[in-house]
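Okay, so the sequence shown: first residue is 16 according to this note's numbering, each after it adds one.
Cβ coordinates follow ideal geometry from the N, Cα and C atoms, glycine included.
Bear in mind that the values here come from a model prediction, so they are computed numbers and not experimental data.
Report on the following structure.
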Amino acid sequence: MALDTAAATAPGTRAARVRTLLALPAGALPLLTFPRADAGWLAWVILVPGLLIIRSAPDARTAAVRGWWFGAGYLLAALYWTIPNIGPGLLLVAAVFGALWAGWGLAAWTTLRDPVRPLRALLLVPSAWVAIEYARSWHALGGPWALFGASQWRHPVVLSLAALGGVWLVTFALVAVNTALVIALVSPPSRVRALTAALVIGLAGPVAFALRGEPQAVRTVRVALVQPGVVHDPTTRFAAGERITRGTPPADLVVWGESSVGFDLERRADLTARLRELARSADLLVNEDARDARGRISKSSLLIGPNGIRGRYVKTRLVPFGEYIPFRPALGWLTAISKAAGEDRVPGTGVRVLRADGVTIGPLICFESAFPDLGREVARRGAQLIVYQSATSTFQGSWAPAQHAALAAVRSAETGRPSVQAALTGVSAAYDARGRRSTWFDTDRRGSVIATVRVPAATDRTPYDRYGDLVAYLAVALSGVAAARLGYGRLRTRT
C-alpha cells in the first residue's frame with residue numbers, strides 16, 4: 016500500500032499531473048465569495064481544496080507549480096470581465112502574475128506537512144498570501160483587484176478587522192482559518208490546536224466590532240447620486256445628467272458619475288454656466304473626461320458652485336489597458352484585437368480634498384476605490400466623506416459593476432469614513448463609517464437616489480489610518496525570512 020501511494024504521488028504519474036491541473040479550477044473557486052455570487056461565508060473554507068492539492072504534491076517544485084496554477088486560476092476568474100479590453104492579454108496576465116502564488120504554494124507545502132509545528136503554517140501561509148496581495152497593490156503591477164479580504168464587504172462584523180489592519184488583516188484571518196481547517200483534516204496530533212486557532216481567529220472580528228463602538232458623527236449629509244445609464248454620446252449624456260439633477264429631491268451635494276462631462280469646461284463656458292445654474296440648489300461634483308487645449312486627456316473631478324469651478328482632482332491611478340497600456344511599445348498590438356486604450360491618459364500628481372457645503376470630501380475616481388492607500392490618504396488629509404465617481408459601461412453584463420461598488424464598503428471600514436459611489440451606468444451605492452450598506456442603485460436603474468450619511472469629525476482616525484499597512488509589512492517580512500531560511504537549508508543540503 017505504501018508503495019502504491021508513493022507511486023501515485025510521484026511527480027511524473029498521471030494522478031499527480033491531474034492534481035496539478037486541478038489547481039487551476041481550485042484557484043477559480045474564490046470568485047464565488049465576491050459579488051454577484053456573493054457567498055462571502057464560503058471564504059472561510061473555499062481555499063481548503065487548493066491547499067489540499069498543494070499539500071499532496073510529491074516535492075517542492077510540484078508544490079510551487081500547483082501554487083502557480085492556483086494563482087492563474089484565481090486571476091482568470093477574478094479578471095474575466097477584462098477580456099473586451101485586453102483580449103488574449105488576460106492569459107498573459109494570469110500566467111505572469113499567477114507565478115506570485117508559487118511562493119504561497121511552497122509555503123503551504125513546507126508547513127502543512129509538519130504536524131509538530133502547526134503554528135508555522137498558521138503564520139506563514141496567510142503571510143505569503145498577504146505578501147502577494149500587497150505586491151499586486153503596487154500600481155505598476157496592475158492594481159489590487161479582488162483582494163481576498165474584500166469578499167467580506169457584506170459582513171461588517173468581519174470588516175471591523177479592516178479598521179485595525181486594513182483589508183490585509185481581513186485576508187490574513189480568512190487564509191489562517193482555511194489553513195487551520197486543513198491542519199485539522201490531515202494532522203490528528205494537531206487537530207485540537209488547529210481548531211482552537213480557527214475559533215480564536217474567527218472570533219477576532221466580533222471582538223473588534225464590539226470594542227470599537229459606534230463612530231461619533233458630527234453631521235448628517237444628504238448626497239444625490241445621479242445615474243443616467245449607458246449613454247455614449249457626450250451631448251446626450253450631459254443633458255441626461257442635467258435633467259435628472261433638476262428632478263432630484265433637495266440634497267447637500269449632487270454627484271455625477273465618471274466621464275459624465277465629455278467636454279473641456281475651460282473651453283465650454285456655455286456648459287459651465289448650465290452647471291453653475293444647477294449648483295444654485297446644491298454643490299455639484301461632476302467628472303470631466305475630455306481632451307484639453309494641449310491635446311491631452313485626463314479624468315478630473317470638478318466641484319461646481321454657483322460661482323463656477325471651486326476645485327479639481329485629476330485621477331492618479333489609471334486602469335491598465337483601459338486608460339493606458341503598460342509597456343506600450345511591446346504590448347501596443349493589443350489595440351488591434353481588443354478595446355485596449357488607443358492612447359494613454361495623463362495621470363494626476365496625487366490626491367486632494369475639497370470642501371462642499373461645509374463638509375470635507377475626498378474625491379476618487381473609479382478604479383481608485385481598489386487601492387487601500389488612497390482612501391487612507393484622503394482620510395488623513397481630513398476628508399469626512401469619501402466620494403467615488405465611476406462608469407463601467409464596458410462591463411455591464413458582467414459581475415464587475417457589483418464587485419466594484421462593493422470596494423467602497425471596505426474603504427469605509429478601513430478609514431472610519433462613510434463613502435458614496437455615483438456610477439454613471441451603475442452600481443451607485445453608499446456605506447456608513449463601518450462599511451454597512453445603506454444604498455444600492457443597481458445597473459438596471461436610471462435616475463437618482465438620495466444617500467443619507469453621517470460624517471465624523473475631520474480629525475477622527477482609525478488604527479489603520481494611523482499606522483497604515485503594518486500588517487502587510489509584517490507579512491512581507493515573515494515571508495522573506497521564511498524564504499531565506501528555506502533557501503539556506505536547501506543550500507546546506509546540497510553542500
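Between residue i and residue j, what straight-line distance do the alpha-carbon atoms span, to the nearest angstrom?
i      : j      : result
Ala424 : Arg309 : 38 Å
Asp19  : Ala30  : Low confidence applies here, because Asp19 scores a pLDDT of 40, under 50, leaving its location unreliable; read the following figure in that light. Straight-line Cα distance between these residues: approximately 12 Å.
Trp84  : Arg258 : 50 Å
Ile61  : Thr260 : 44 Å
Gly1   : Ser296 : There is no way to answer for residue 1, as the model of the chain reaches only from 16 to 510.
Val374 : Val393 : 13 Å
Val182 : Pro321 : 39 Å
Ala21  : Ile68  : With a pLDDT of only 45 at Ala21, under the threshold of 50, the placement of this residue in the model should not be trusted; the figure read from the coordinates follows. In a straight line, the C-alpha of Ala21 is about 15 Å away from that of Ile68.
Ala305 : Gly462 : 24 Å
Ala78  : Gly113 : 14 Å
Ser384 : Tyr403 : 7 Å
Gly228 : Ala219 : 15 Å
Val201 : Val245 : 52 Å
Gln242 : Ser494 : 44 Å
Ala417 : Gly502 : 42 Å
Arg370 : Ala288 : 20 Å
Gly390 : Thr430 : 7 Å
Val329 : Ala406 : 16 Å
Leu293 : Pro344 : 44 Å
Leu37  : Ala87  : 12 Å
Val233 : Gly347 : 50 Å
Leu379 : Arg325 : 16 Å
Leu317 : Gly277 : 13 Å
Thr458 : Ala438 : 9 Å
Arg332 : Asp129 : 43 Å
Val486 : Ala284 : 49 Å
Ala255 : Arg460 : 14 Å
Arg476 : Leu176 : 15 Å
How many whole angstroms separate the CB atoms of residue i and residue j, which I take to be in contact at a CB cut-off of 8 Å?
i      : j      : result
Trp96  : Ala415 : 4 Å
Thr194 : Leu162 : Wrong, their Cβ atoms sit about 18 Å apart, outside the cutoff.
Gln411 : Pro471 : With 8 Å as the limit, Gln411 and Pro471 do not qualify as a contact, their Cβ atoms being about 34 Å apart.
Gly217 : Val192 : 6 Å
Val468 : Val236 : 5 Å
Gly323 : Arg291 : 6 Å
Asn100 : Ser353 : 6 Å
Asp279 : Arg169 : With a Cβ gap of about 40 Å, Asp279 and Arg169 do not count as contacting.
Gly65  : Ala41  : 4 Å
Ala448 : Pro230 : 4 Å
Ala72  : Trp124 : 5 Å
Bridge partners of residue i, per DSSP?
i      : result
Pro378 : Val402
Ser463 : Val241
Gln436 : Tyr403, Ala444
Asp298 : Leu268
Thr235 : Arg469
Ser274 : According to DSSP, Ser274 bridges with nothing at all.
Tyr328 : Ser316
Glu257 : Glu257 is not bridged to any residue.
Arg306 : Ile312
Thr454 : Ala445
Gly323 : Gly320
Below 7 Å CB to CB, which residues in the same chain sit around residue i once its five sequence neighbours on both sides are set aside?
i      : result
Val491 : Ala146, Tyr149
Tyr446 : Ala423, Ala424, Ser427, Pro433, Ser434, Arg452, Ser453
Thr35  : Thr77, Val80, Arg81, Trp84
Val63  : Asn193, Leu196, Val197
Leu179 : Ala223, Pro478, Tyr479
What residues in its chain sit with their C-beta under 6 Å from that of residue i, if we drop five residues either side in the sequence?
i      : result
Val108 : none
Gly357 : Thr350
Gly377 : Val368, Val393, Ala398, Ile401
Pro335 : Gly157, Pro341
Gln167 : Gly55, Val173, Leu174, Val185
Arg516 : No information on residue 516 is available, as it lies outside the stretch 16 to 510 that the chain covers here.
Asp359 : Tyr339
Ala421 : Pro50, Trp168
Gly450 : Pro171, Leu174, Ala424, Ser427, Ala428
Apart from the five residues on each side of it in sequence, which residues of its chain come closer than 8 Å, Cβ to Cβ, to residue i?
i      : result
Leu489 : Ser142
Met16  : In this predicted model, Met16 has a pLDDT of only 34, less than 50, meaning its place in the structure is not dependable; the value taken from the coordinates is given anyway. Once the five neighbours on either side are set aside, Met16 has no close Cβ partner at all.
Val464 : Ala239, Leu240, Gln242, Ser443, Thr454, Phe456
Ala43  : Gly88, Tyr89, Leu91, Ala92
Ala23  : Residue confidence for Ala23 is low, a pLDDT of 47 falling below 50, so the modelled location carries little weight and cannot support an answer.
Can you give, in chain order, each stretch of the alpha helix (DSSP H) that sits fully within the stretch 96 to 158 and has at least 4 residues? The stretch 96 to 158 contains these whole alpha helix (DSSP H) runs: 98 to 101, 104 to 113, 116 to 127, 133 to 151.
Let me know the alpha helix (DSSP H) ranges lying completely inside the stretch 331 to 391, each 4 residues or longer, listed in chain order. Counting only runs of 4 or more, we get 343 to 346.
Note down, one range per segment and in chain order, each alpha helix (DSSP H) of at least 4 residues found wholly within the stretch 157 to 208. Listed in chain order, they are 171 to 201.
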